[in-house]
Each structure stands twice: as C-alpha cells, then as structure tokens.
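One structure is given here, and the rest of the page talks about it.
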C-alpha cells in the first residue's frame, strides 16, 4: 500500500511521510528521536501521519472557505504558553505552526463568545489570577494579596476565557472534520488507538 491516509478523497502517499520523517531526523531533534523501525519509531511515524492529515484538512477547508494566510495571527497570539498547547493537543498545536492554519483558526472560531456570567464566575473562583504584582524590595515583586474589582481585570479575564474557548472550538472542529473525511491506512492508525500493536497503554 503506497498511501498512509485519504483526506476528502485525496491520497497522502507514503513518500510524503518519508520526507517529513527525513526532515525531522535531519533537524536538531535527531538525537532525541526513537530508532527507525522500533515500536517507538513506528509510533513517531503514526504521529507524523496525523500532522500530514491535519495539514491536508486545513488546506481543504481553507479552500472551501476562501481562507488565505494573509494577515494570519502569530503562533504566540493563539498559543501563548505551554498550557494553551496542552489544551489544544499536540496535533492541532503543531498544525498551527502554519500561517494558513492560524488564519483558518480565526475563521472557524469567529463566532465564539464568552457570556458575562462566565467571566464573573471565573473571577469569583480565581480572584487573584489577574491581580497586579506588588512591588517588593530590591526591585522584586511579591504575590498580590488585594483582590481587584472585576471591572479592573475584566478585559484580561475575558481574553483568557475567550482564548481557551476558541482553542476548544478549533480542536472540536478539527476532530469533526477528521471523523467525516479521513481514512487511515492499516499501520498508520492514530498513535493512541488501542487496536494498533504499538499502543503502549494496553491493560
């Protein structure tokens, strides 16, 4: 079989996966990668297959919606830290390295809104989350102890919740597109699929 997956009727050839793996093994990450042909090496290829699939899903959807990479936000705009990457998942986070994917993110999450009540509940649960630091001795800051009024931190709370909600919406959108239009070839199943022989969480 010369394909790893079919996305919306388009085959992704094994050669595309081989090229992706070769680039990775030629990078600075090479010393940390598993040996080719090992169980872990096959899992790496499955993970890279998921990246190829995600990239193709983005390309197809962008074409359908007329999205281009012009004026795409930066990666940091959408993924401001490690927690945001974990929230989105490694595959979707890796897809957002591409400007086209980030532009598509903006498009498919444009209608996400945060109700005022949710902002109020978050501030009540995390009253010091966005409190300004307190200047301390020698130029250091100490942990805040005074709870700010909601109106003082509403923009920060709203931006935090909106970013999280948009990442969830994009992940769910990507999962739905994958479910409806992706067929993985045998041997290239999702790394976490318990039915494939290299899955490491068998009981």
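Numbering (UniProt numbering), first residue to last: 1 to 203. Even for Gly, the Cβ is constructed at its ideal location relative to N, Cα and C. Model, not experiment: these values are computed from the prediction.
Contact set for residue i: own chain, Cβ-Cβ below 6 Å, skip 5 residues either direction
i: residue 196; result: 189
i: residue 103; result: 67, 69 and 72
i: residue 146; result: none
i: residue 60; result: 8
i: residue 101; result: 58 and 95
According to DSSP, residues forming a beta bridge with residue i
i: residue 4; result: Paired residues: none, contrary to the question.
i: residue 64; result: According to DSSP, which records beta bridges pairwise, residue 64 is partnered with nothing at all.
i: residue 10; result: 7
i: residue 184; result: 5
i: residue 141; result: 135
Residue i, buried or exposed, once every other Cβ within 10 Å from all chains shown has been counted against 16
i: residue 202; result: Any reading at residue 202 needs caution, since the residue's pLDDT is 47, under 50, leaving its predicted position unreliable; the model's value is listed next. Residue 202 is exposed by the Cβ-count criterion.
i: residue 46; result: buried
i: residue 10; result: exposed
i: residue 17; result: buried
i: residue 65; result: exposed
i: residue 163; result: buried
i: residue 79; result: buried
i: residue 153; result: buried
i: residue 30; result: exposed
i: residue 128; result: exposed
Given residue i as reference, the closest of the options once Cα atoms are compared
i: residue 156; options: 20, 114, 135 and 12; result: 114
i: residue 34; options: 44, 171 and 187; result: 44
i: residue 99; options: 74, 194, 28 and 54; result: 74
i: residue 49; options: 194, 186 and 200; result: 186
i: residue 54; options: 130, 166, 150 and 97; result: 97
i: residue 211; options: 149, 168 and 76; result: Because the chain in this structure spans residues 1 to 203, residue 211 falls outside the shown range and cannot be described.
i: residue 133; options: 178, 144 and 125; result: 144
i: residue 165; options: 106, 62, 141 and 200; result: 106
i: residue 116; options: 82, 139, 137 and 151; result: 151
Same chain, Cβ closer than 7 Å to residue i, five either side skipped, listed in chain order
i: residue 25; result: 33
i: residue 14; result: 2, 3 and 4
i: residue 167; result: 84, 87 and 88
i: residue 198; result: 39, 42 and 43
i: residue 135; result: 141
Residues of its chain near residue i, where Cβ-Cβ distance is below 8 Å and the 5 sequence neighbours each way are ignored
i: residue 158; result: 114 and 119
i: residue 161; result: 114, 118, 119 and 122
i: residue 169; result: 108, 109 and 112
i: residue 12; result: 3, 4, 5, 6, 49, 52, 53 and 56
Within 8 Å, do at least three Cβ pairs link the region 77 to 93 to the region 170 to 183? Touching, yes.
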